[in-house]
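This report concerns only the one structure given below.
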């Protein structure tokens, strides 16, 4: 009987897939890109058959191109979905690059396969790299310790993104084998990597929740970070009135006449804000039926008309509070606390380990990081702050830049984040010649893990 039930379920799922394919063939997506309708933005209109998650897929395509969404109107009642986006490039200009416009047409138009954006983690094998997902309690020097362990295990970090929020940390790191330059495939070695990193994340508190996942799959890094931190319940926080003014303003009310819940969000605008909120609503299993987005000024306004996938609006005060907390957390995760440092240099094995160790030994902690490698060049962005909570002393940054290289490490953040150096103060260099030589010392960082 169980076999028959399973077969029926498979048959039903297959029929649903075939019906969806037929519906899409009869009602192919349409994309219209207009550079004349609006004075200061490119207008993109996307129409298609409606399904759960499609709004996230469209927003994901636009934000992955680093386009800025200044306005959006969304409607998806019934079986049809319609979006209108006003977008600009990073400089606030209309999008005129033919390559980008053609990519948008292909990604959202009739030839697109939307389901590829929503795949589960690990379904596409990669021979290029091994993906490592980490979650655990945040602490000063954590990224340095993780990188030291990976270097000790002869793994090279080719890309990574690290977020911290509410005393929790999450990272998605893509690593390669130091010798082959390809993915790590040996099962025993993969198990060793997972074991050591998990122990490291737990630290001295063995009861602390920590998780390490190693796979050869390809997934959307930023969406995974949201999912990982959500699963880690980073949205739970102790009541603290001191930071109330800094939080985004999120409100949820029920519109009983139309059986919707209306979510309104006011916060300081920043790139990818819309992606972060839509990603969270989607992964919390809410459907956006209508939305109005306005981010033309320094403050962004978002309004969503939602229901749960079961067709019901928000049912209780507890559910309402959870939606508010989760949206607040989604917005705050990408907010970058601290001084922004940008590193550009020729990539090599152990580079990230050496740089983050220097930060740690200068009492700087990394609050967010983006690590990329293109054509043999490392382009890394770090947001750092003093581990003790004090303003960063400018002589500390001068020392680090002198050690790494003035042209290699540049300060991109607000100068107000730096404490000025007193007149006549001497700069003390603690790591003489470290980056001038290819011989590096681990200072015993990994011995306790091997």
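Numbering (UniProt numbering), first residue to last: 1 to 450.
The beta carbon of each residue, even a glycine, is placed where N, CA and C say it ideally should be.
Q) Secondary structure at residue 300, three-state DSSP: helix, strand or coil? A) Taking the first residue of the chain shown as 1, we reach residue 300 at position 300. Three-state result, residue 300: strand.
Q. How about residue 164 and residue 385: do their beta carbons lie closer than 8 Å?
A. Sequence index remark: in the chain shown, residue 164 carries index 164 (1-based). Sequence index remark: in the chain shown, residue 385 carries index 385 (1-based). Residue 385 is positioned such that its CB atom lies no closer than 8 Å to that of residue 164.
**Q.** Simplified DSSP assignment, three categories, for residue 282
**A.** Counted from its first residue, the chain shown places residue 282 at position 282. In the structure shown, residue 282 adopts helical secondary structure according to DSSP, grouped into three states.
Q: Kindly indicate which three-state DSSP category residue 130 falls into: helix, strand or coil?
A: On the chain shown, residue 130 is found 130 positions in, with the first residue counted as 1. When secondary structure is reduced to three states using DSSP, residue 130 falls in the strand class.
**Q.** Contained beta strand (DSSP E) runs [length at least 3] in the UniProt domain "ACT" (340-420), N- to C-terminal order
**A.** You should have 364-374, 377-386 and 409-411.
**Q.** First through last residue of the beta strand (DSSP E) which encompasses residue 211
**A.** For this step, residue 211 is matched to residue 211 along the chain shown. Where residue 211 is concerned, the enclosing beta strand (DSSP E) starts and stops at 211-215.
Q.
So for residue 318, helix, strand or coil by DSSP?
A. Within the chain shown, the letter at position 318 stands for residue 318. Residue 318 falls in the helix class under three-state DSSP.
Q: Assign residue 96 to one of two classes, buried (16 or more other C-beta atoms within 10 Å of its C-beta) or exposed (fewer than that).
A: Residue numbering aside, residue 96 sits at position 96 when the chain shown is read from its first letter. Exposed, because fewer than 16 other Cβ atoms sit within 10 Å of the Cβ of residue 96.
Q) Between which two residues does the alpha helix (DSSP H) carrying residue 148 extend? A) Within the chain shown, residue 148 is the residue found at index 148, counting from 1. That run of the alpha helix (DSSP H) goes 142-152.
Q: Could you tell me whether the stretch 80-98 touches the stretch 305-316, where touching means 3 or more Cβ pairs closer than 8 Å?
A: No, the stretch 80-98 does not touch the stretch 305-316.
Q: Would you tell me roughly how many angstroms separate the C-alpha atoms of residue 147 and residue 200, rounded to the nearest one?
A: Counting from one through the chain shown, the residue named residue 147 turns up at place 147. Counting from one through the chain shown, the residue named residue 200 turns up at place 200. In this structure, the straight-line span from the alpha carbon of residue 147 to that of residue 200 is close to 11 Å.
Q: Would you decide whether residue 223 is buried or exposed? Buried here means 16 or more other CB atoms lie within 10 Å of its CB.
A: Translated into positions along the chain shown, residue 223 becomes position 223. The residue is buried, with at least 16 neighbouring Cβ atoms inside 10 Å.
Q) Under the DSSP definition of a beta bridge, which residues are partnered with residue 81? A) Within the chain shown, residue 81 is the residue found at index 81, counting from 1. Beta-bridge annotation (DSSP): residue 81 is paired with 48.
Q: Out of 75, 40, 34 and 60, state which residue places its alpha-carbon closest to the alpha-carbon of residue 98.
A: Residue numbering aside, residue 98 sits at position 98 when the chain shown is read from its first letter. Just measuring C-alpha positions, the residue of 75, 40, 34 and 60 sitting nearest residue 98 is 34.
**Q.** Contact test: residue 324 Cβ vs the ligand ZN heavy atom, cutoff 7 Å
**A.** By its list of ligands, the structure shown contains no ligand whatsoever, and the ligand ZN lies outside what it can speak to.
Q: Could you check how far apart the C-beta atoms of residue 263 and residue 278 are, in whole angstroms? I think they sit under 8 Å.
A: For the purposes of this step, residue 263 is taken as residue 263 along the chain shown, with counting starting at 1. For the purposes of this step, residue 278 is taken as residue 278 along the chain shown, with counting starting at 1. The pair is not a contact, with the Cβ atoms about 11 Å apart (cut-off 8 Å).
Q: Report buried or exposed for residue 300, applying the criterion of at least 16 other Cβ atoms within 10 angstroms of its Cβ.
A: For this step, residue 300 is matched to residue 300 along the chain shown. By the neighbour-count rule (16 or more Cβ atoms within 10 Å), residue 300 is buried.
Q) Does DSSP classify residue 178 as helix, strand or coil? A) Within the chain shown, numbered from 1, the residue matching residue 178 stands at position 178. DSSP, read as helix, strand or coil, puts residue 178 in coil.
**Q.** Collapsed DSSP secondary structure at residue 272 in the structure displayed
**A.** One-based indexing of the chain shown puts residue 272 at position 272. Residue state, collapsed to three classes: coil.
**Q.** Reference residue 160; option with closest CA among 409, 351 and 256
**A.** For this step, residue 160 is matched to residue 160 along the chain shown. Per the Cα distances, 351.
**Q.** Reduced DSSP secondary structure (H/G/I, E/B, other) of residue 426
**A.** Counting from 1 along the chain shown, the entry for residue 426 is found at position 426. Residue confidence for residue 426 is low, a pLDDT of 34 falling below 50, so the modelled location carries little weight; the figure read from the coordinates is stated next. Correct three-state label for residue 426: coil.
Q) Any idea what DSSP makes of residue 226, helix, strand or coil? A) For this step, residue 226 is matched to residue 226 along the chain shown. Three-state result, residue 226: helix.
Q. Touching or not, the stretch 322-334 and the stretch 266-283, by the rule of three or more beta carbon pairs under 8 Å?
A. Yes: at least three Cβ pairs fall under 8 Å.
Q | Per-residue DSSP class, three states only, for residue 137 | A | Counted from its first residue, the chain shown places residue 137 at position 137. Residue 137 falls in the strand class under three-state DSSP.
Q: Take residue 424 and list the residues in its own chain whose beta-carbon comes closer than 6 Å to its own, dropping the five residues that flank it on each side.
A: Counting from 1 along the chain shown, the entry for residue 424 is found at position 424. Residue placement at residue 424 cannot be trusted, given a pLDDT of 39 that sits under 50; the coordinates are not used to answer.
(Q) Tell me the DSSP secondary structure of residue 263 in three-state form. (A) If you number the chain shown from 1, residue 263 lands on position 263. When secondary structure is reduced to three states using DSSP, residue 263 falls in the strand class.
Q. If you draw a straight line from the alpha carbon of residue 217 to that of residue 257, how long is it in whole angstroms?
A. Locating residue 217 in the chain shown gives position 217, where the first residue counts as 1. Locating residue 257 in the chain shown gives position 257, where the first residue counts as 1. When rounded, the separation of the alpha-carbon atoms in residue 217 and residue 257 is 45 Å.
Q | Whether residue 408 touches residue 345 by CB criterion (8 Å) | A | Position 408 of the chain shown, counted from the start, is the residue given in the question as residue 408. Position 345 of the chain shown, counted from the start, is the residue given in the question as residue 345. Using a Cβ distance threshold of 8 Å, residue 408 and residue 345 count as a contacting pair.
Q. Is the number of C-beta pairs between the stretch 174-188 and the stretch 100-108 that are closer than 8 Å three or more?
A. With a cut-off of 8 Å on Cβ pairs, the stretch 174-188 is not in contact with the stretch 100-108, counting fewer than three such pairs.
Q | Nearest-angstrom Cα separation, counted from residue 303 out to residue 319 | A | In the chain shown, counting from the first residue as 1, residue 319 sits at position 319. In the chain shown, counting from the first residue as 1, residue 303 sits at position 303. Pairing residue 319 with residue 303, the inter-Cα distance amounts to about 18 Å.
Q. Are residue 169 and residue 136 closer than 8 Å when you measure CB to CB?
A. For the purposes of this step, residue 169 is taken as the residue at position 169 of the chain shown. For the purposes of this step, residue 136 is taken as the residue at position 136 of the chain shown. Yes, the Cβ-Cβ distance between residue 169 and residue 136 is below 8 Å.
Q: Please report how far the alpha carbon of residue 398 lies from the alpha carbon of residue 349, in whole angstroms.
A: As a position in the chain shown, residue 398 is number 398, starting the count at 1. As a position in the chain shown, residue 349 is number 349, starting the count at 1. If I take the Cα positions, the gap works out to 25 Å.
Q.
Using only CA atoms, which one of 39, 51 and 111 lies nearest to residue 92?
A. If you number the chain shown from 1, residue 92 lands on position 92. Cα-wise, what sits closest to residue 92 is 39.
Q.
Please report the distance separating the alpha-carbon of residue 461 from that of residue 193.
A. Because residue 461 is not part of the residues shown, which for the chain are 1 to 450, the question remains open.
Q) Since residue 86 and residue 63 are thought to touch, with beta carbons under 8 Å apart, how far apart are those beta carbons, to the nearest angstrom? A) On the chain shown, position 86 is the one that residue 86 refers to. On the chain shown, position 63 is the one that residue 63 refers to. 14 Å between Cβ atoms; not a contact.
Q: Classify residue 218 as helix, strand or coil using the three-state DSSP reduction.
A: Here residue 218 refers to the residue found at position 218 when the chain shown is read from its first residue. Look at residue 218 here: in three-state DSSP terms it is coil, with no helix or strand label.
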